[in-house]
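Chemist:
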């Protein structure tokens, strides 16, 4: 006797949505994380460290600038809803200033560098093309200094750094450096905006 196919079995046969990941470094990860969390099609954003040579680095060690790591975010997204190119556009226009070398605002050091860490040849090509286009169009008064490098290992930051912005809305650093990025995203890309308030 053949048992009826239950809902669980039917669900198991359904293909899972094909999600992709992108990794960006653009200064302090608090604001960059919050920007990407507000994009339609983004499923999760995790703050962390990458690009260095120290295994399992901690925040204080990374902040010292001696690990080679940069503060970064890993964005998991649905490419059927939001494209990698769109993520690049948001990264370059509202998430940070891609013309600042080894710093963002008040944060100075290689740990705050502008970088894109690719996980495929397609991402590498699209990131390089976006930078070339911005420089050719002279979108900024200074050239884009964003590094494009292969993603090797991403280390999740400590739990208290995850979704930090929405737990510290009144903190002066957040008010002056990060909330303006959220406002800029909402105004410049209203069709992409999703009011998640830190999903």
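In the numbering used here, the protein residues as written are 33 to 231. C-beta: ideal position from N, C-alpha, C; glycine also.
#1: Along the chain, where does the beta strand (DSSP E) containing residue 132 start, and where does it finish?
#2: Hey, could you find the ends of the alpha helix (DSSP H) residue 118 is sitting in?
#3: Leaving out the 5 sequence neighbours to the left and right, which residues in its chain are closer than 8 Å to residue 183 when beta-carbon positions are compared?
#4: Straight-line CA distance for residue 52 to residue 108?
#5: Under 8 Å, with one C-beta from each stretch per pair, do the segment 167–178 and the segment 120–137 reach the 3-pair mark?
#6: What residue range does the alpha helix (DSSP H) around residue 95 cover?
#7: State yes or no: is the C-beta of residue 101 within less than 7 Å of the C-beta of residue 89?
#8: Which word fits residue 210, buried or exposed, when buried means at least 16 other C-beta atoms lie within 10 angstroms of its C-beta?
#9: Does the Cβ-Cβ distance between residue 176 and residue 163 come in under 7 Å?
#10: How should residue 157 be labelled, buried or exposed, when 16 other C-beta atoms within 10 angstroms of its C-beta is the threshold for buried?
Modeler: The structure says:
#1: Residue 132 -> no beta strand (DSSP E), and no H or E assigned at all.
#2: Secondary structure note for residue 118: its alpha helix (DSSP H) is the uninterrupted segment 116–122.
#3: Closer than 8 Å at Cβ, skipping near neighbours: 55, 82, 149, 150, 151.
#4: For the pair residue 52 and residue 108, the Cα-to-Cα distance works out to about 6 Å.
#5: In short, these stretches touch, since the Cβ pair count reaches three.
#6: Note, residue 95: alpha helix (DSSP H), 91–95.
#7: In this structure, residue 89 lies closer than 7 Å to residue 101 by Cβ.
#8: Under the 10 Å beta carbon count, residue 210 is surrounded by 16 or more other beta carbons and is classified as buried.
#9: In this structure, residue 163 lies closer than 7 Å to residue 176 by Cβ.
#10: Around the CB of residue 157, fewer than 16 other CB atoms lie within 10 Å, so the residue is classed as exposed.
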